[in-house]
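What follows is a short report on a single structure.
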Amino acid sequence: MTKEQFALNFLYSLLATVIGGGVLAFLFFWFREKIFPLPKITGRWFFEMRTINSAYNPYKGMILRYVAMLWMEGNRIEGTVEKIYENSSTGEREYEGTNRTRGVVEGFVQKNYFSKDHVVLHVVEDGHGRESTNFYDLIVNSDDEMAGSFSSMVANQDGESKWQRKEF
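Start counting the sequence shown at 0; every next residue gets the next number (numbering that gives the first Met the number 0).
Here it is, written out as structure tokens:
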């Protein structure tokens with residue numbers, strides 16, 4: 000093989016590798032954007048917390064409902080929540096206007112290619128009398144529904160949480 004043939008073969012191989020790499024990169028991006036996109040989390044959500052365990056017995060079985068406004072930047076989630084309903088040992092009540100407690104949401108989406116996507120949220124709620132923290136570990140069932148568990152610093156509560164686009 001002459002030097003010219005070697006140089007020509009080298010250039011052909013280099014060109015094929017560069018073009019193949021470009022096509023492969025394009026396919027990866029196309030699959031990521033069109034076939035496996037991030038779930039659509041942005042928008043209004045209604046969610047329910049059902050307390051199963053608590054250090055304070057009157058909280059066991061308590062149901063709280065909230066409305067959340069979430070937005071995404073990449074896989075990062077931010078937003079706000081307001082408590083709209085409570086059914087506890089002290090009775091059942093709906094909250095309106097200034098009686099609603101507000102909170103701030105931060106979290107992220109864990110993209111899974113071989114199982115359902117995962118959403119992790121941290122909510123700091125400015126409750127009546129004190130600030131509280133809730134942590135949500137959710138599975139995305141569809142663009143309109145998420146479900147999973149929560150844990151709270153209020154009386155060491157934990158339980159089930161369901162998120163949906165429609166009001167309860």
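We put the beta carbon where it would ideally sit given N, CA and C, even for glycine. Computed from a prediction, not measured in an experiment: that's the story for all the values here.
Chain-order list of residues whose beta-carbon lies under 8 angstroms from that of residue i (same chain, five-residue window excluded)
{"i": "Tyr112", "result": "Phe35"}
{"i": "Asn140", "result": "Lys115 and Ala146"}
Nonlocal neighbours in the same chain, by C-beta distance under 7 angstroms from residue i, ignoring five residues either side
{"i": "Met152", "result": "Ser131 and Thr132"}
{"i": "Thr97", "result": "none"}
Assigned secondary structure, residue i (DSSP; H/G/I helix, E/B strand, else coil)
{"i": "Tyr84", "result": "strand"}
{"i": "Thr97", "result": "helix"}
{"i": "Lys33", "result": "helix"}
Residue i - containing alpha helix (DSSP H), residue span
{"i": "Ser114", "result": "No alpha helix (DSSP H) holds Ser114; DSSP gives it neither H nor E."}
{"i": "Phe22", "result": "Here the sequence assigns Val to residue 22, which means Phe is not the residue at that position. Where Val22 is concerned, the enclosing alpha helix (DSSP H) stretches over Lys2 to Trp29."}
Terminal residues of the beta strand (DSSP E) in which residue i lies
{"i": "Val137", "result": "Here residue 137 turns out to be Leu, not Val, going by the sequence shown. Start and end: Glu130 to Ser141."}
{"i": "Phe45", "result": "Gly42 to Asn52"}
{"i": "Leu69", "result": "Ile62 to Glu72"}
{"i": "Ala146", "result": "Glu144 to Ser151"}
{"i": "Glu166", "result": "Segment: none, Glu166 is in no beta strand (DSSP E) and carries neither H nor E."}
Best match in the options for proximity to residue i [C-alpha to C-alpha]
{"i": "Glu85", "options": "Val123, Ser114, Thr100 and Gly19", "result": "Thr100"}
{"i": "Ser53", "options": "Asn155, Val123 and Ser160", "result": "Asn155"}
{"i": "Met68", "options": "Glu105, Lys33, Leu7 and Ser114", "result": "Glu105"}
{"i": "Thr89", "options": "Glu3, Trp29 and Gly60", "result": "Gly60"}
{"i": "Arg43", "options": "Ile51, Leu37, Trp70 and Leu26", "result": "Trp70"}
{"i": "Asp136", "options": "Asp125, His117, Asp142 and Arg129", "result": "His117"}
{"i": "Ile76", "options": "Pro38, Lys82 and Tyr65", "result": "Pro38"}
{"i": "Ile138", "options": "Glu124, Tyr94 and Lys161", "result": "Lys161"}
Contacts around residue i, its chain only, beta-carbon distance under 6 angstroms, and the 5 residues preceding and following it disregarded
{"i": "Phe134", "result": "His121 and Ser150"}
{"i": "Ser87", "result": "Met61"}
{"i": "Leu63", "result": "Met48 and Glu85"}
Short Cβ contact (8 angstroms threshold) for residue i with residue j
{"i": "Gly147", "j": "Arg49", "result": "no"}
{"i": "Val103", "j": "Thr79", "result": "yes"}
{"i": "Glu166", "j": "Phe46", "result": "no"}
{"i": "Lys110", "j": "Tyr94", "result": "no"}
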